[in-house]
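Position 124 of the sequence shown, counting from 1, maps to 132 under my numbering, and the rest follow consecutively. Every residue gets a Cβ at the ideal spot worked out from N, C-alpha and C, and that includes glycine. Being a predicted model, the structure only gives us computed values, none of them experimental.
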Amino acid sequence: MSAMTLSCSPGRVGSHPFSVSDKSLGSRPRSAARILVVILFAVSLVPVAFGQMTFPTSHGDNARTGTNTNETLLTPTNVDKNNFGRIFSYPIDYQALAQPLYVPGVNIPGKGVHNVVYIATMADTVYAFDAQSNVGPNAAPLWQVNFTNSSAGITTASGPFLPCATTEDRGPGFTQEGIVATPAIDTGSNTIYVVAKTLENGTVFHKLHALDLGTGQEKPGSPVTINATTTSKAGRVVNFNSLHQKNRPGLLLANGTVYLAFGSNYCNDSNHSWVLGYDATTLQQTGVFNTNPDHGLTSIWQAGGGLAADSDGFIYPLTSEGNFDLDTGGQGYTHAVLKLSPSLELRDYFIPGSVAYLNDHDLHLSGCSPVILPDQGEPFPHVIVAAGKQGTIYVLNRDDLGWYAPNDPQIIQELVGVIGSMRGAPAYWNGRIYFSAKADKLKAFSVSGGMLSTTPVATTTSILTGAHAPSISANGDHDGIVWVFNGGQLYAYNAIDLKLLYSSHQLSRDFLPKISHFITQTVADGRVYIATRSTLEVFGLRHYLSTVGGANQTGTVSTPLAQPIQVEAVEAYSNMPLPNVAITFSDGGKGGSFNPPSGTTNGNGVISTTYTLPAKVGAYTVTATSSGFGNLTLPESAVAGVPVRMINAGGSGQTGAAGTALPILLGVTVQDANKNGVAGITVTFDDGGKGGVLNPPSAVTDSTGKARTAYRLPNLPGKYFVNANTSGLKSLRFGETAVAGPPASVAIVSGDNQSTSAGTNLPQPLKVKVTDQVGNAISGTSVTFTTPSGSLTGSPATTDSGGNASVSYTAGTMAGPVTITATAGSGTAQFHETVTSGAAANIGISGGDGQIGSAGSQLPLGLSVIVDDQYANPVSGVTVTFDDGGAGGGFGTGNPVLTDDLGAALQFYVLPPSPGTYAVSAGAAGVAVPALFTESGQ
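Here is the structure:
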């Protein structure tokens, strides 16, 4: 996305603290044999990629699309009451508002590798459950942690320490508050990030925990207590207060940072809304943003949906009601779509023109989290969609959100009255966006060129009660299913026509326990995970093949894996193993071998085989297949043997400018006897102390056996040799040549950031220094200075022996910032100067002249004047005195008044009690001739 420049266009209002140049099996037969045939056919639909996707964050991705496009198990043909339903559940200690998260292939120490579903509760507990079965040892959590300790006085927040809490059946529906927000998972570091609220000996805390995915143990530096302080432009200092804050939006992991958002406890008390950033490794705070530091409120709730982030790392929260004062220079970002930088600096925002109405009627935008659409065609490629409790859909340009304007001219598209009140996020899939609003039908709108269809392209036949976020499972761009809660039960609709496929209300076996406000289902690897007030429910298909052991191993090429591959055939609905199932193993002809290559499951439904890896390094996929079952894939890896040679991998014989880095990295490859690259070998590089810089001076070979380094040539021209060495192998030598370089840099010496009034000279000349690529001063070089306004004396200038050149600048007649550019060769420098208004010279009427009113009453329009200097630049801060020459009239505001930033002054005039025509003068300090108004009373 290209850089953009924001500017204030007509109709926009606000104080701008930023600058950016910146898819039926039909009826089942009744005989047992036919039942088995149909079951086996259904299971044959199970795809190869079973068990391989990850659902690490709220709504599945940082764009908050709510879509899993890697779902190859659940399709519109097998999701019905005969083939799909509740398969098992786990008890939890209290209700969960957070969305379940899912990670496959997690190594649980002492328990092996599991596909894991993680759930966090309002009792401050995090659970890790086996995501495929609750049979045997999997009946208990793989691990669980709780952040309370009653003996130490640590509990969840409750009672007087839980402002605005209500009963279990009303309102938010909880009597204690622990973990509210959906955690975020980083599979790269094997970490789950959780924010827990605790009451510790009378004080409420929020703490950010970083837990190991496999053990639940705290990572180093975890937890950290959430604290924040901010100071408004008006000087008000605001401190984070956990007692009054709720961490409702799901956590966001982006830019190597964990982002948290807070709003109120549904009270209009001493709360503020915050976005905070914490380094994902160190857990040190990296950014703080307060949505309304002078007035509070302006909460970020988003019905639990997470903060969104785009591919450029910008963060997008939605705010709720509060004191809106942007139009008067404040920082109240009320009912806003915000765009924050990775370090949480405000970069852009959108506020509807109807902000006052939204405030008065509790119709905030933060009842819904935003969705960032994939890049669209022209004219609006970068789009974000928001909606709120008002039921209006806003389609906004992420490249220019447009700030606040009373008539909303900046909105790409505004759809009013097409949906009900939103209390959860929409979902996007395959050119459609889906809205599930309160007391409204589920609706799909098409998306083209960054705009939505003005009417739905599909709707459900019935109205959905409540309001929960839909989610979508699909296999790429087909087999789409929309999942959503309705009346406390799970519903599934065909994503194309929104016809009902399944409801947990159809069969009593599938009835759900009571669920909480705003919860969102998670669809991953053929199952649907649902958090209720007392359980984690798992819905899915009936048959599958499952990994018992031997997956995700790494071994040396041409050798057997250390552990046998073990596969279990399972009847998924009853969770019973199936004996005598014929299973064949294959690696797709990659050269490995199996012992045995096929067989049948034993009485426990398990079959084992030993896999000998191929001769080449790489990742291999072992596939277990069985007629009537879906294929099961197990990833394995082969690594190289011992190193025997080191060969050149490029970078020798280059020529470059002295003191600069060569364009091609110097590289070697360390190989084993089969010419496989050997990873993990340290190679050192040196140029014999000739003054060049090797970065790094030593490198470890990667998975292909390659080690590379960048070489910055010495500052003097000449021939240089770089040696590559590793223990036990013959060295390699690279020959490189350094030649002299051209002028490359222009730096400001003095004269930057000056100010002068229009038409006058800057106090100091503009002076620069020109150097080559290694910092040597260059004399006799021409430097050209250019300016968009005013005049320059002495340009172009020639550098002296010290590489310096200077010019003088005379300001033009227009006030404002001026950028003056100095250019020499490929180097440039920019001076940023300011031209200010001169002294007040003129005063003129801009409104309110020639009015007729009732004697003794105030005229309907204010008397307004503009004060400017000799070049018509507005002059602020000038005293303007209004006078009717003692005619007996009065003035509605203090007199005199000061001109504002636009040079304007406004006064209201009360006519004298007697009818007549009156002259009112407006005199400006320093201006000889006043402005004269003629007003009449009758």
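Checklist entry - Does the beta carbon of residue 510 fall short of 7 Å from some heavy atom of the ligand FAD? => result Although the ligand FAD was asked about, the structure shown includes no ligands whatsoever.
Checklist entry - residue 44 to residue 577, Cα distance in whole Å? => result At residue 44, the pLDDT of 34 sits below 50, so the modelled position is not reliable and the matter cannot be decided from this model.
Checklist entry - By how many angstroms is the C-alpha of residue 669 removed from the C-alpha of residue 781? => result 11 Å
Checklist entry - In whole angstroms, what is the alpha-carbon distance linking residue 507 and residue 501? => result 5 Å
Next on the checklist: Between the alpha carbons of residue 270 and residue 235, how many angstroms are there, rounded?
Outcome noted: 12 Å
Item to check | CA-to-CA distance, residue 707 to residue 688, given in whole angstroms | outcome: 9 Å
Next on the checklist: Can you list, in chain order, the residues of its chain with a C-beta nearer than 7 Å to that of residue 357? Leave out the 5 residues immediately preceding and following it.
Outcome noted: 341, 344, 345, 346, 347, 409 and 411
Next on the checklist: Taking contact to mean 3 or more Cβ pairs, one atom from each stretch, closer than 8 Å, check whether the stretch 527 to 538 and the stretch 69 to 79 are in contact.
Outcome noted: yes
Item to check | residue 123, DSSP secondary structure in three states | outcome: strand
Next on the checklist: Less than 8 Å between the C-beta atoms of residue 700 and residue 722, yes or no?
Outcome noted: yes
Checklist entry - In its own chain, which residues sit with a C-beta less than 7 Å from the C-beta of residue 545, not counting the 5 before and 5 after it? => result 94, 97, 520 and 538
Item to check | Residue-chain proximity (residue 303, chain C), Cβ-Cβ < 8 Å | outcome: Within the model displayed, chain C is absent; a lone protein chain is all it includes.
Item to check | CB of residue 232 within 8 Å of CB of residue 219, strictly | outcome: no
Checklist entry - Based on Cα-Cα distance, which residue from 816, 806, 939 and 767 lies nearest to residue 800? => result 816
Item to check | Presumed contact (8 Å Cβ cut-off) between residue 312 and residue 190, rounded CB distance | outcome: 7 Å
Checklist entry - Identify the residues that DSSP records as bridge partners of residue 446: which are they? => result 429
Checklist entry - What's the C-alpha gap between residue 765 and residue 757? => result 23 Å
Item to check | Pick from 258, 916, 132 and 242 that is closest to residue 165, judged by C-alpha positions | outcome: 132
Checklist entry - If you draw a straight line from the alpha carbon of residue 895 to that of residue 867, how long is it in whole angstroms? => result 15 Å
Next on the checklist: For residue 203 and residue 422, what's the separation of their Cα atoms in angstroms?
Outcome noted: 35 Å
Item to check | Complete runs of the beta strand (DSSP E) confined to the stretch 165 to 249 [at least 3 residues] | outcome: 192 to 194, 199 to 208, 211 to 220, 237 to 239 and 245 to 247
Item to check | Proximity below 8 Å, CB of residue 361 to CB of residue 330 | outcome: no
Checklist entry - Going by C-alpha distance, which of 199, 301 and 185 is nearest residue 241? => result 301
Checklist entry - Could you give the residue range of the alpha helix (DSSP H) that holds residue 737? => result Taken as a continuous stretch (DSSP letters only), residue 737 belongs to no alpha helix (DSSP H), as it is neither H nor E.
Checklist entry - Just checking, does the stretch 890 to 904 make contact with the stretch 913 to 927 on the three C-beta pairs under 8 Å criterion? => result yes
Item to check | Candidates 72, 84, 66 and 64: closest to residue 951 by CA position | outcome: In the structure displayed, the chain extends from 9 to 946; residue 951 sits before or after that span and is not available.
Checklist entry - With which residues is residue 329 paired in a DSSP beta bridge? => result Its beta-bridge partners do not exist; DSSP assigns none.
Next on the checklist: Tell me the rounded alpha-carbon separation between residue 158 and residue 207.
Outcome noted: 10 Å
Item to check | Reduced DSSP secondary structure (H/G/I, E/B, other) of residue 9 | outcome: Legend: pLDDT at residue 9 = 35, less than 50; position of this residue unreliable, no value from coordinates given.
Item to check | With 16 other Cβ atoms within 10 Å as the buried cut-off, status of residue 682 | outcome: exposed
Checklist entry - At what residues does the alpha helix (DSSP H) containing residue 365 begin and finish? => result 363 to 368
Item to check | Backbone secondary structure at residue 653 - three-state DSSP | outcome: strand
Next on the checklist: Taking 8 Å as the threshold (C-beta atoms), are residue 745 and residue 663 in contact?
Outcome noted: yes
Checklist entry - What are the boundary residues of the beta strand (DSSP E) that includes residue 282? => result 282 to 287
Checklist entry - Are there 16 or more other CB atoms within 10 angstroms of the CB of residue 841, so buried, or fewer, so exposed? => result buried
Checklist entry - So, helix, strand or coil for residue 373, using DSSP? => result helix
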